[in-house]
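Only one structure is covered here, and it is reproduced in the block below.
Number of protein chains: 4
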Amino acid sequence: MPAVRRNELKEKIHEIIFEADTPAGKAFDVVLLILIVASVLVVTLESVRGLQSHYNNFFYALEWFFTIIFTIEYILRLYCVYRPAKYATSFFGVIDLLAILPTYISLIIYGTQYLLVIRALRLLRVFRIFKLGHFLSEGEVIIRALKASRAKITVFLTFILLLIIIIGSIMYLVEGGQNEGFSSIPRSIYWTVVTLTTVGYGDITPVTELGQFLSAFIMILGYAILAVPTGIVSAEMVSDMRKNTLTNQACRYCGKEGHETDAVFCKYCGERLNESLS
Amino acid sequence: MPAVRRNELKEKIHEIIFEADTPAGKAFDVVLLILIVASVLVVTLESVRGLQSHYNNFFYALEWFFTIIFTIEYILRLYCVYRPAKYATSFFGVIDLLAILPTYISLIIYGTQYLLVIRALRLLRVFRIFKLGHFLSEGEVIIRALKASRAKITVFLTFILLLIIIIGSIMYLVEGGQNEGFSSIPRSIYWTVVTLTTVGYGDITPVTELGQFLSAFIMILGYAILAVPTGIVSAEMVSDMRKNTLTNQACRYCGKEGHETDAVFCKYCGERLNESLS
Amino acid sequence: MPAVRRNELKEKIHEIIFEADTPAGKAFDVVLLILIVASVLVVTLESVRGLQSHYNNFFYALEWFFTIIFTIEYILRLYCVYRPAKYATSFFGVIDLLAILPTYISLIIYGTQYLLVIRALRLLRVFRIFKLGHFLSEGEVIIRALKASRAKITVFLTFILLLIIIIGSIMYLVEGGQNEGFSSIPRSIYWTVVTLTTVGYGDITPVTELGQFLSAFIMILGYAILAVPTGIVSAEMVSDMRKNTLTNQACRYCGKEGHETDAVFCKYCGERLNESLS
Amino acid sequence: MPAVRRNELKEKIHEIIFEADTPAGKAFDVVLLILIVASVLVVTLESVRGLQSHYNNFFYALEWFFTIIFTIEYILRLYCVYRPAKYATSFFGVIDLLAILPTYISLIIYGTQYLLVIRALRLLRVFRIFKLGHFLSEGEVIIRALKASRAKITVFLTFILLLIIIIGSIMYLVEGGQNEGFSSIPRSIYWTVVTLTTVGYGDITPVTELGQFLSAFIMILGYAILAVPTGIVSAEMVSDMRKNTLTNQACRYCGKEGHETDAVFCKYCGERLNESLS
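This is how it looks when you write it as structure tokens:
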């Protein structure tokens, strides 16, 4: 029955491409990782002028080589997966598509091939392949802490944004006349961001005495402001960590809570916890 | 009775302008937000020289257009509100006035129109309009943490200020002779602020060996100092969050709140808590 | 008895100079603060070249005026205090002396008058004068946290220092030949400090590809390192704050600890705490 | 018996070199520290061009002087230690070897003598010599906190790395044409690292309006990102410190430790803790 054989083939491809437990699956994943790294490197080096002029054709060939391989891989993934639509709209499915599109688009619009660096995101698979799942769960702690502090950070960023617009305008009024760097409010706002975040390029700097005086205030303000998001995230993480070390379970006898996750007996009255489980 | 009809009109206007629950009120608020954003954009773009020379009259017309609309809105708010004096002296009342004044003043003093960016503050209404009240309450957590650490931050900033003055003077003595950047103590103080806050423009840099040696010390000092305000705010936020783990339950006898989750007896009057549960 | 009258005079002067409770004492302190601020301002402005050339004699006169007043004040403090030796060796006693010495030394060595900015430290008295004592006790929380983390910070700074020396030498080997900025190891070390602390002046920057590659690593390292002192201080402050909200007192009946400072009854067994005090 | 005498000599040398309790051992260690500091200073100063040309022979002689002394010391350490192989492969054994090799290699390859700064790492012995062992144990708290947050930091750095590659490529597309600083993707990536870490040299800065607009976003992003590693390390340190508030008391029945200070019964076996006190 060819239909069955085809299903067997599908199963086999699925096993190799999507799983990392068999030797063939593992080998496939390792080769894939190497190809992705090589491909990102090629895109990166292609932009270096000295190399580009010498190895133009070589890079061009390599780019198409990687794109065709990744295209075949993408079609195989769509073919062997149980629900193609779900894969195609999943995070990795979208990344896999975005990782091949720029080469085809570059036939029409020049320059888009540099967008191929989006392939770097495919490297996130490394955590799955090398069974580093617990690393990702750690990443979830970070994301959970950021999500929990989302409201605080939104309010904070809104406040900062308004502050930046107003400071930028004041500095434009103060420095605008004498200083080519503060020639418009958008440029002054750019300077304000550069200063408040303590990046401080120095491409635009105040030259008037009043401007330097105000800048000093703005920097000390930025210094104090910097403490706020750090405080928010730290507090969330401390709180998240504490929750993980305590159960919400109450002792059946004395009713006290606050038992650690590894506790077997109530630390207050000595009775056994969790009897239904023992 | 025309007096009654006038009151009805007042009620109607109040509903539209101050409330966001009716379709008309919602529509008014959304239009207002768009006008504010557009108005801030116009002020910002007006300062760009290339655009200013081409669209000078256009910008001028737009500016007066927005100012007249906001003036009418301000008068309507004053008219329909129950206690005009209270609105006029409230936070948003003052902002609403400051958002129209600069255009009128710019008839007398040139340049003040850029102060119109203060209109950006009117955007804070966005939290009320889109029922993001809980966001503001999160903002209050930040403000509460900052208030609780106010004393610590004041002492810290006083210390930093004195440190900046003294370091600035020492660097003036060290670099002043050989380096045009350190030509006076105020400039040296400006450099000290730029360095301690890790902004580091590079418009003024030490050139003597002793100066660079001292600078390295100052930077490491600034590095250590940076940890202090962050530590203060983090600790306050952790503490604020822990307080939220207290129960809201009030003692039945003395009515006091703030009992920890593991408390059995009221810590203020000694009566048993939670009797209905025992 | 003139001896008694002299003592009365001494008492009177002591009251005015050292205490801030009487109107005379308060007035004295406020005048003193104004004089200190004015004096620091004069020293600062004297260094500005444009002002110096025009008001040279004026500044010179003012400097001596302030110095003579502060000298008289210092002598009066020594005269009226109960134990002059103790005052002279106290923190404020040393500062008071250092605040007048530079003017006299400047008669012999030119330039030392700029050291007069040390007078700024006298402003720390402001906390005592305006009854901001609790602010200073808040400052002590910071100092206590820094002291508690002294050992950790010492180890950390030693490690950073060795890291800076080694990175500086490696960058000298990499960039030294092609880049005037990295012309010696001390200069490379200066660059390393500027980079690791994220100050980033840009007066010295890597130009070779290997140098820029290494720099990127060093910056990300500095980024991670920056988290350590902040973490240390934050943890100490959280710990310090928690201690302040809990007494070490144990309940006399059930022996449990962990009562908050405002608790009157044991939250575990309901018995009265602190009976000896009630 | 010469074999015994030799052992006695070995013992004596071991005592002097490896221990710091006897006067001779202490004196040896102090001399060693001074020699190490002097040797690092010589390597550092040798790189300063002005000094090099004048004192070339002097530096060369000193370098060999230190190297020969450290070589003798290394051989003696190998000779007198009980298990030479274990010492040679220990942390300090490797450092001791690396501290002498560069001079010998510099006979063949010029320039390697600057690697002698690795000698600075030998200064870590200072903690052992001056009985600052508790400082090192504090250092272990830092290392423990970093180890505990290793997984989180790895995920975070992977994410940052991918972010840097993608931002770098986008900025290359935006600025590449008009700005010599963004002439290739590797240079754009270097700029991204400089910006995200808030170092901000200013050797490469965006010049187009879109580039500056994007940069402002990237900086605010970097600002928010900076809060994450600090939050991670702070939370770990708070958690590490809290663990220290657990009692060291072991349960009399099951022998397990880690009971909280308010525990009455062992949370592992349910037996009463602290019976002698009840």
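Quick mapping for you: the protein sequence lines, in order, are chains R, D, S and E.
For the first sequence, counting from 1, position 210 maps to 210 in our numbering; every step adds exactly one.
For the second sequence, counting from 1, position 221 maps to 1221 in our numbering; every step adds exactly one.
For the third sequence, counting from 1, position 21 maps to 2021 in our numbering; every step adds exactly one.
For the fourth sequence, counting from 1, position 128 maps to 3128 in our numbering; every step adds exactly one.
Heads up, the beta-carbon is just placed ideally off N, CA and C, and yes, glycines get one too.
Bear in mind the structure is a predicted one, so any value in this text is a computation, not a measurement.
DSSP three-state assignment for residue i, whether helix, strand or coil
i, result
"D/Ile1204", "coil"
"E/Thr3198", "coil"
"R/Ala20", "coil"
"E/Val3081", "coil"
"D/Asn1056", "helix"
"E/Val3042", "helix"
"E/Leu3277", "With a pLDDT of only 40 at E/Leu3277, under the threshold of 50, the placement of this residue in the model should not be trusted, and no figure is reported."
"D/Ala1235", "helix"
"E/Asn3281", "This structure does not reach residue 3281 of chain E, given that chain E is present from 3001 up to 3278, and the question cannot be answered."
"D/Ile1072", "helix"
"D/Leu1107", "coil"
"D/Gly1279", "Residue numbering for chain D in the displayed model covers 1001 to 1278; residue 1279 of chain D lies beyond these limits and cannot be assessed."
"D/Ser1184", "coil"
"D/Val1155", "helix"
"D/Gln1212", "helix"
Environment of residue i [buried if 16+ CB atoms lie within 10 Å]
i, result
"E/Lys3052", "It is worth fixing the name first, because residue 3052 of chain E is Gln in this sequence and not Lys. E/Gln3052 should be labelled exposed."
"S/Ile2016", "buried"
"R/Ser206", "It should be noted that the sequence gives Pro, not Ser, for residue 206 of chain R. Label assigned to R/Pro206: buried."
"S/Ile2109", "exposed"
"E/Leu3107", "exposed"
"D/Phe1070", "buried"
"E/Ala2971", "Past the boundaries of the shown model lies residue 2971 of chain E; chain E is included only from 3001 to 3278, so the question cannot be answered."
"D/Phe1028", "buried"
"E/Arg3049", "exposed"
"D/Lys1152", "buried"
"E/Arg3083", "exposed"
Same chain only: Cβ atoms within 8 Å of residue i, ignoring 5 sequence neighbours per side
i, result
"D/Val1042", "Phe1059, Leu1062, Glu1063, Phe1066"
"S/Leu2277", "Low confidence applies here, because S/Leu2277 scores a pLDDT of 40, under 50, leaving its location unreliable; read the following figure in that light. So no residue of the chain qualifies."
"R/Ile164", "Ile189, Thr192, Val193, Leu196"
"R/Leu214", "Ile170, Met171, Val174, Pro206"
"E/Ser3047", "Tyr3114"
"E/Gly3222", "Thr3195, Leu3196, Thr3197, Thr3198"
6 Å Cβ shell around residue i - same chain, five flanking residues per side excluded
i, result
"S/Tyr2087", "Val2081, Gly2093"
"E/Leu3116", "Val3043, Pro3102"
"E/Leu3045", "Leu3051"
"R/Tyr172", "Phe182, Ile185, Ser188"
"D/Asn1179", "Val1207"
"S/His2014", "Cys2080"
"S/Met2001", "In this predicted model, S/Met2001 has a pLDDT of only 45, less than 50, meaning its place in the structure is not dependable; the value taken from the coordinates is given anyway. Closer than 6 Å at Cβ, skipping near neighbours: no residue."
"D/Lys1026", "Ala1020"
"E/Ala3148", "Glu3236"
Contact set for residue i: own chain, Cβ-Cβ below 7 Å, skip 5 residues either direction
i, result
"D/Tyr1040", "Correcting the residue identity first, residue 1040 of chain D is Val in this sequence and not Tyr. Excluding positions up to five away in sequence, the list reads Val1117, Arg1119, Ala1120."
"E/Ser3201", "With the sequence shown as reference, residue 3201 of chain E is identified as Tyr, and Ser is not the correct amino acid for it. If we look at E/Tyr3201 and ignore the five residues flanking it on each side, its Cβ neighbours are Val3194."
"S/Ile2036", "Arg2119, Arg2122, Leu2123"
"E/Arg3144", "Asp3240"
"R/Tyr74", "Asp96, Leu97, Ile100"
"R/Val141", "Asp240"
Just by C-beta distance, which residues in the segment 3023-3045 of chain E are closer than 9 Å to chain S? So the list reads Val3040, Val3043, Thr3044, Leu3045, given in the order they occur along the chain.
Given 8 Å, three or more beta-carbon pairs between the segment 3221-3228 of chain E and the segment 3196-3206 of chain E: Output reads yes: the segment 3196-3206 of chain E touches the segment 3221-3228 of chain E.
Contact the segment 3230-3241 of chain E vs the segment 3201-3216 of chain E: 3+ CB pairs below 8 Å
Fewer than three beta-carbon pairs drawn from the segment 3230-3241 of chain E and the segment 3201-3216 of chain E are found closer than 8 Å, and the two stretches are therefore not classed as touching.
What residues in the segment 1200-1234 of chain D bring their beta carbon closer than 8 Å to a beta carbon of chain S? For the segment 1200-1234 of chain D, which is checked against every Cβ of chain S, the residues closer than 8 Å are Gly1200, Tyr1201, Gly1202, Thr1205, Glu1209, Gln1212, Phe1213, Ser1215, Ala1216, Met1219, Ile1220, Gly1222, Tyr1223, Ala1224, Leu1226, Ala1227, Val1228, Thr1230, Gly1231, Ile1232, Ser1234.
Positions along the segment 1179-1197 of chain D whose CB lies within less than 7 Å of some CB in chain S:
So the list reads Ser1183, Ser1184, Ile1185, Pro1186, Thr1195, given in the order they occur along the chain.
Problem set entry | Residues of the segment 3093-3124 of chain E with Cβ closer than 9 Å to any Cβ of chain R, in chain order | Correct list: empty, as no residue qualifies.
>> Any C-beta of chain E within less than 7 Å: which residues of the segment 2144-2173 of chain S qualify?
In response: So the close ones are Ala2151, Lys2152, Thr2154, Val2155, Phe2156, Leu2162, Ile2165, Ile2166, Ser2169, Tyr2172, Leu2173.
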